[in-house]
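S.K.:
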Amino acid sequence: MALVPRLGLTLPLVGRVEQLHRLRGALADIEKGRGRGVLLAGDAGVGKTRLLSEITADAAERGHLVLTGRCLDLHEGGLPYLPFTEALGSLAASGDPDVASAVAARSALSTLIPQMPSVPSGREALVRAAASEQDVRRVRTEHDLGQLRLFDAVLGVLSDLARHRPVVLVVEDIHWADGATRDLLSFLVGRLGGQRLLVVASYRAEEVHRRHPLRPLLAELARSAAVERLDVPPMTDDETRAFLTALADRPLPPDALDRLVRRCEGNPFFAEEMLAAGASADDVPDGLADVLLTRLERLSQETRRVLRAVSVASADVADTAVAEVAGVGAIDVEEALREAVHHHVLVVDHGHYRFRHALLREAVYHDLLPGERSRMHAAYAARIGGLPPHRGRDARLAYHSLRSRDLPTALTALVRAADEAEELGAPGSALRHVEQALEIWDAVQPEQRPKDCDEITLLLSASELAARAGEPERAIAFAREGVRRVDGSPTARQAAIWRRLAEALMTLEGTYHEAVEAIEKAWDLVADGEPSREQAWVLATRAQVLRGVGRLDDAERSARMAAEAAKAAGADAPHAAALTIQGVIADIRGDIEVARRLLCQAEREAQAADALDVELRAGYYRALSLDDRGELDEALRGYRHTAERASESGLTWSPLGISARTRLLALRYTTGDWPDDTEQDRPESGVSDLVTAILQSTWMHLSVARGRFEDADHLLELLHPRDGDQRGVDLWVVTAAAAGGAELAYWRGEYRKAVDAVIEGMDRVGRMLPGGLVGIRIGALGVEAAAAWAADARRRSDVESATAAVEVGTGILDRVRRTLDDGVPRGGTVGPEARAWFARALAAASGLEGHADPALWEEAVAEFGFGAVYEQALCRRQLAEAWLDAGEHDRAAAALTETHRVASRLGARPLRVAVEDLARRARVSLPGARPRRDAVNPLTPRERAVLERVAEGLTNRQVGEQLYISEKTVSVHLSRAMAKLGASRRAEAVAIAYDRGLLTPES
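Quick note on the working numbering: the sequence shown kicks off at 2 and runs consecutively.
1) DSSP state of Asp350, grouped into three classes?
2) For Gln545, does the count of other Cβ atoms within 10 angstroms reach 16, so buried, or fall short, so exposed?
3) Does the Cβ of Gly1 have 16 or more other Cβ atoms within 10 Å, making it buried, or fewer, making it exposed?
4) Which of the three DSSP states is assigned to Glu229 in this structure?
5) Taking DSSP as the reference, what is the three-state secondary structure of Arg924?
6) Where Arg306 and Gln196 are concerned, what is the direct C-alpha to C-alpha distance, given to the nearest angstrom?
7) In whole angstroms, what is the alpha-carbon distance linking Ile589 and Arg664?
8) Assuming contact is defined by CB atoms lying nearer than 8 Å, are Thr581 and Leu553 in contact in what I supplied?
9) Could you give the first and the last residue of the continuous beta strand (DSSP E) run that contains Arg71?
10) Name, in chain order, the residues that DSSP records as bridge partners for Tyr366.
11) Sort Phe85, Ala154 and His65 by Cα distance to Arg107 and report the nearest one.
12) Of all the options Leu83, Arg224 and Trp499, which has the alpha carbon lying nearest to the alpha carbon of Arg183?
13) Given a cut-off of 8 Å, decide if Ala431 and Ala444 are closer than it, judged by their beta-carbon atoms.
14) Residues bridged to Val169 by DSSP?
15) Should Arg296 go down as buried or exposed, given a rule of 16 or more other Cβ atoms within 10 Å for buried?
16) What whole-angstrom Cβ distance do Ala223 and Leu40 have, given they're in contact under 8 Å?
17) Within 10 Å of its beta-carbon, does Leu388 have 16 or more other beta-carbons around it, so buried, or fewer, so exposed?
18) Using the beta-carbon count (16 or more within 10 Å), is Gln536 buried or exposed?
19) Is it right to say Ser798 is buried, meaning 16 or more other beta carbons lie within 10 angstroms of its own, or is it exposed?
20) Does DSSP classify Val39 as helix, strand or coil?
21) If Arg877 sits next to Glu899, beta carbons under 8 Å apart, how far is it from one beta carbon to the other, in whole angstroms?
22) Tell me whether His344 is buried or exposed, calling it buried when 16 or more other Cβ atoms sit within 10 Å of its Cβ.
23) Label Gly750 either buried or exposed according to how many other C-beta atoms from any shown protein chain fall within 10 Å of its C-beta, with 16 as the threshold for buried.
24) Looking only at its own chain, which residues have a Cβ that is under 7 Å from the Cβ of Arg836, when we skip the five neighbours before and after it?
25) Could you spell out where the alpha helix (DSSP H) holding Tyr622 opens and where it closes?
26) Let me confirm a value: Ile56 is counted as buried when at least 16 other C-beta atoms fall within 10 Å, else exposed. Which label applies?
27) With DSSP as the reference, label Tyr204 as helix, strand or coil.
28) Here's a check: name, in chain order, each residue in its chain whose Cβ is nearer than 8 Å to the Cβ of Val262, leaving out the five neighbours to either side.
29) Name the two residues that bound the continuous alpha helix (DSSP H) containing Asn268.
30) How is Val318 classed by DSSP in three states: helix, strand or coil?
31) Let me confirm a value: Asp677 is counted as buried when at least 16 other C-beta atoms fall within 10 Å, else exposed. Which label applies?
32) Which residues bound the alpha helix (DSSP H) around Met236?
33) Answer yes or no: does any C-beta atom of chain C fall closer than 8 Å to that of Asp628?
34) Could you please give me the residues that DSSP links to Arg836 through a beta bridge?
35) With burial defined as no fewer than 16 other Cβ atoms inside 10 Å of the residue's Cβ, what is the status of Ile332: buried or exposed?
36) Which partner residues of Phe867 appear in the DSSP bridge assignment?
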């Protein structure tokens, strides 16, 4: 028998010192409660799996729980969540009581772990009868229920396990991951927080081309502070030489060793294969595929035949399946498999066989003749088609049927695979299956197509799936295609596709106006019919669309008609939805009592009808009504109730669950109930999809207020909207980028930059929501920054900059006034928050050309008394400065004391430092503040005068000209001042003088 070289996995790890050090550092971090993520990137065969084997063994020795899953190359669609099924599958049979209880507590995992008892998903099944109105009713949030529950369940079980011991989750080959797997991976990594969880994902760097679907995810994850990319480069020549020497297990001729080192190019797998192919040969092949096939030529003919069959399987395969496809007897196939395993070509995994490395499978597969490949795919399809239904069966059947050109079988399998993926909450995978079905639809004869499906149904499904998969443009495109093809279909079907188009058009700002036309066509189709569930949903959707374009009277009539149709049809869910819209419209009109009564009734009815999405929407809008009118305690309770209800129902990350938690966090910021860093609701900053950006919006303000400017920089980069970016069409994100960016620049003293951020933000907000009042808040920050800019310029005697600042600040104030005059408040009247920000803008504007008016700042402080603790403290600090300028020392001292107390309690470091600095300059003692370090000014009047002008940036000559003394005398005074202050440089002397209160901005 030919020599069988040792397997590289059995050798001590060669090199990789830096990579191991960083991976072990990640293990140490999670042991301290700091969640980590690692993206392991490297070329095929470079040793990623070997490195993972080393670190997982290390983790197991430390007592960590190690879970591992692999992605497979199944091309489009694939099997949703396959690596997570593999990684978590072992938990179901675990004898560990902690593991068993964590798994048993989450029934949603049954969709991921086949060993668990299954539970109903709660999804309304798609009945494909062409004339039935039931096949067109879909509520997006209810459809997302399966995925949301599954994501929460996976995160929950990992979190529970991590409380008992650190958990290491390894996902290999994510360049082959399906969309659902990528979504779940992003979800988990974005919520590592303070958990003892390490997520390691490996991928082939060379395969992630510009259009690869993994590329956006990698970009998002790599920006997270908790995630690092770890490259696995080729081995050095010395490392390759050591590896080959150990691998051969006997001395190699020096010339042969040097030749192998050159040919291997630092790739361990290439080294193994070349050595196995014949290290001493003079004609070692140059190409990797040639090397791999040359090595396989050393195996028996029967074994090579079996390997060809295994390569077509594209996944782990049983020996019986190989025997059937290869046409080899059971005994012969066992011997062939034994030889392949002995020569390290195949490995055994849970009783199934697969190639040791994907490169080996690819080389064998691509060496097959076209007819040979097609026949084997057909054999696998026939075998899979004869098996009982099980998870993944239809996806595999579709894969093999497509490649054997059995299109009728492929079409039926694709439709079933899409249904299964949708049940699993994997809209991306389901969409790929539906798209493939649409591609081959015309190539299949009508009598061979699925009896319970038609093309319109597929287009409707594709549009909904694209919307849920975060592809709104494609959702619109599929719906438009459905509209073009819907003529001649039953009326209910036509109404459904037009309603779907309207829903899709509402998701993008630029196409919202088209939604009106689409929903009107849907209404025209069902307007003359008897009341029905579909008619009720069309009317409810119509009310939403019309409300969005400001046609409140028409929207209210449509909502009332929706309620009547739903009541007549006995449809409770659309009735509750109609009441919700009526309540929102009443709230907008200012009829608060009616609005809240309707919203409470809608919430009760939705809960009774198990229409969770409607229940959450009604609860959210009720809390928003309270929020708008400054009833903050009740609003907090409402948001918290809605958020908790979403969480306990498995909808933590649904749109309404996210909205409730975002507003809850925003109100806690406003009222001074700031959360600490351990709260899990804070997302990691690296997750930059629109949902996470919305959640980060309030954390931007918190980071700035706490003085964590580096964190704020990172968040600002993620939040900043760009043209064509989804973040640029969300009001919360745009507002946070503008206001947060202005606050950050202001505290850094970059006042012009703050003004620029405000102007850009007001422009964006004006385009997005012309009648909105949020521009008042952004504009007030701009006026305040302009006033600080003007004051700073006056201190430096920069008349040109001071004039520019006053002009810009006045212009922003004019825009704020117009916003207040022309804006349309959501609740009909201007609420306390808008009034407070307007008062702040007026107060700040009074300081554009000199000292600010204390009376205006006093009014701003009073206006923020509705419960906005932090913003009120900021205004009170400005009031204190205005009082000092007006000579009211005692009143200023009282304001400074109260502001310092609030800033210290909140942990608002920039505000606290600013108050302490102002107090030192004003000779005010603050409780708990560090004492003033200079009771007596050590500088003479002349030394102080010189230092003041040095602070303005003047040279010694310019200082002398202003003070009518010689340049030499200026130098003498400056040297004495520097000596008294213990400074070695001019700039240092100025900084020390400011710190000690010896120089003030006013001086």
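No residue lacks a Cβ here, since even glycine has one placed at the ideal position from N, Cα and C.
M.R.: Concretely, from the data shown:
1) strand
2) buried
3) The first residue shown for the chain is 2 and the last is 1004, placing residue 1 beyond what the model contains.
4) strand
5) coil
6) 49 Å
7) 18 Å
8) no
9) Its beta strand (DSSP E) spans residues Leu66 to Arg71.
10) According to DSSP, which records beta bridges pairwise, Tyr366 is partnered with nothing at all.
11) Ala154
12) Leu83
13) no
14) Val67 and Leu199
15) buried
16) Approximately 7 Å separates the beta-carbon atoms of Ala223 and Leu40; this is inside 8 Å, confirming the contact.
17) exposed
18) buried
19) exposed
20) strand
21) Contact between Arg877 and Glu899 holds: CB atoms are separated by about 6 Å, below the 8 Å threshold.
22) By the neighbour-count rule (16 or more Cβ atoms within 10 Å), His344 is buried.
23) exposed
24) The answer, listed in chain order, is Glu864.
25) Its alpha helix (DSSP H) spans residues Leu613 to Asp629.
26) With 16 or more other Cβ atoms within 10 Å, it is buried.
27) Strand, per DSSP.
28) Cβ neighbours of Val262 beyond the five flanking positions: Asp238, Thr241, Arg242 and Leu245.
29) Segment: none, Asn268 is in no alpha helix (DSSP H) and carries neither H nor E.
30) strand
31) exposed
32) Per DSSP, Met236 belongs to no alpha helix (DSSP H) and is neither H nor E.
33) No chain C appears in this structure, which consists of one protein chain only.
34) Arg836 pairs with nothing; no bridge assigned.
35) exposed
36) Looking at the DSSP assignment, Phe867 forms no beta bridge with any residue, so it has no partner.
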